[in-house]
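Numbering (the working numbering), first residue to last: 159 to 360.
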Ligand code: ADP
């Protein structure tokens, strides 16, 4: 099976693109979804996060206060590493298990910080980058989240830049027009990946 890593900056359209592949029947494994499951009520990482960061990152009802945790790790490198040490090995194991259970010509793994962390390359045959101008990213994230322009700009500044991400890409989808305009690009890549899977050694 060919494994394609899908990445892109915040608001570039990773989820939108992944949904379109999924509609074509392509299995999609999303590391953000796995991370949310791990930290949901009953999730495998929740108790460890509470032990590491204390009740200040928990709501009174025992669920994770994601905004508090985000504030805690965004400004503090050591705390961020601590959170990553809890989550990343578990996310990776879950991705490996999900891939092992699949029977498909190819699969997508959505990894928002693929370029930044350098992880997962050994699992991936190709890297697909969703690209758009940074001004468009900012507008989309502001509209989606209600965050202020400066807050969105700070998130973008903490991520890889457009050039760095494109340099890591085997394939690029430009998502700067309408969502409908993605269909042709997604279909062309779907054919390409099915073709590669056909040629791949068993
Ligand atoms: P990511 O997963 O990379 O953060 P999303 O796919 O969630 O990005 O897209 C960010 C926001 O922009 C979403 O609200 C989405 O509906 C919207 N969006 C994505 N692509 C387009 C597009 N081509 N035109 C307009 N809005 C878009």
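A virtual CB, placed ideally from N, CA and C, is assigned to each residue, including glycine.
Exercise. Can you find a C-beta in chain C that's less than 8 angstroms from the C-beta of residue 249?
Worked result: Chain labels in this structure do not include chain C; a single protein chain is all it has.
Problem set entry | Rounded straight-line distance, which links the Cα of residue 239 to that of residue 357 | Their Cα atoms are separated by approximately 40 angstroms.
Exercise. What is the rounded straight-line gap between the Cα of residue 289 and the Cα of residue 330?
Worked result: Straight-line Cα distance between these residues: approximately 7 angstroms.
Exercise. Between which two residues does the beta strand (DSSP E) harbouring residue 265 extend?
Worked result: That run of the beta strand (DSSP E) goes 264–268.
Exercise. From residue 303 to residue 215, what distance separates their C-alpha atoms?
Worked result: 20 angstroms
Problem set entry | Beta-carbon gap between residue 286 and residue 162 smaller than 8 angstroms | Closer than 8 angstroms, so yes.
Exercise. Would you say residue 402 and residue 165 are within 8 angstroms of each other, going by their C-beta atoms?
Worked result: With the chain covering only 159 through 360, there is no way to say anything about residue 402.
Problem set entry | Coil, strand or helix - residue 331 by DSSP | strand
For this session: Consider the C-beta atom of residue 168 and the heavy atoms of the ligand ADP; say whether any pair is separated by less than 7 angstroms.
Result: yes
For this session: Output yes or no for whether 8 angstroms exceeds the beta carbon distance between residue 273 and residue 326.
Result: yes
Exercise. Three or more C-beta pairs closer than 8 angstroms, one from the stretch 187–207 and one from the stretch 245–265: is that the case here?
Worked result: yes
Problem set entry | For residue 197, the nearest candidate out of 160, 173, 228 and 233 (CA to CA) | 228
For this session: Return yes when at least one heavy atom of the ligand ADP lies under 7 angstroms from the C-beta of residue 197, else no.
Result: no
Exercise. Once you ignore the five residues that flank residue 222 on each side, which residues in its own chain have a CB closer than 6 angstroms to its CB?
Worked result: 197
For this session: State the DSSP-derived secondary structure class of residue 164, mapped to helix, strand or coil.
Result: Correct three-state label for residue 164: strand.
For this session: Would you kindly work out how many angstroms separate the C-alpha atoms of residue 352 and residue 262, rounded to a whole number?
Result: 10 angstroms
For this session: Please classify residue 184: does DSSP put it in a helix, a strand, or coil?
Result: In the structure shown, the three-state DSSP call for residue 184 is coil.
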